[in-house]
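Numbering (the numbering used here), first residue to last: 1366 to 1481.
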């Protein structure tokens, strides 16, 4: 009778070893640094703050007492939201129609292939 090895094959450790053999720069403290690996494979990684943090906004005391929230608005939705908010808020001192033009120019600079 033949003995069977009771240990299972650890595919994660095997994959890390293969990556370590081929891309040693991508391993940090025995773990894969995916940003470095993507750069080595030719994918550009934008190192800007992709996670939007709206918690640290330096509110003053009066602003903290009010009930309002900051939230992220994607560039795709900003035209619609700004356009809808201008006529509905006659005392709006923040959003003016000229801001729509600024956002359109920003989108042209940031995403030139996107049609407005």
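Beta carbons are placed, not taken as given, at the ideal position from N, Cα and C, and that holds for glycine.
Asked: Minimum C-alpha distance to residue 1473 - residue among 1445, 1449, 1446 and 1440; Found: 1440
Asked: C-beta contact flag for residue 1401 and residue 1390 at 8 Å; Found: yes
Asked: Test item: CB-CB of residue 1443 and residue 1468 under 8 Å; Found: yes
Asked: Backbone CA spacing between residue 1449 and residue 1438 [nearest angstrom]; Found: 14 Å
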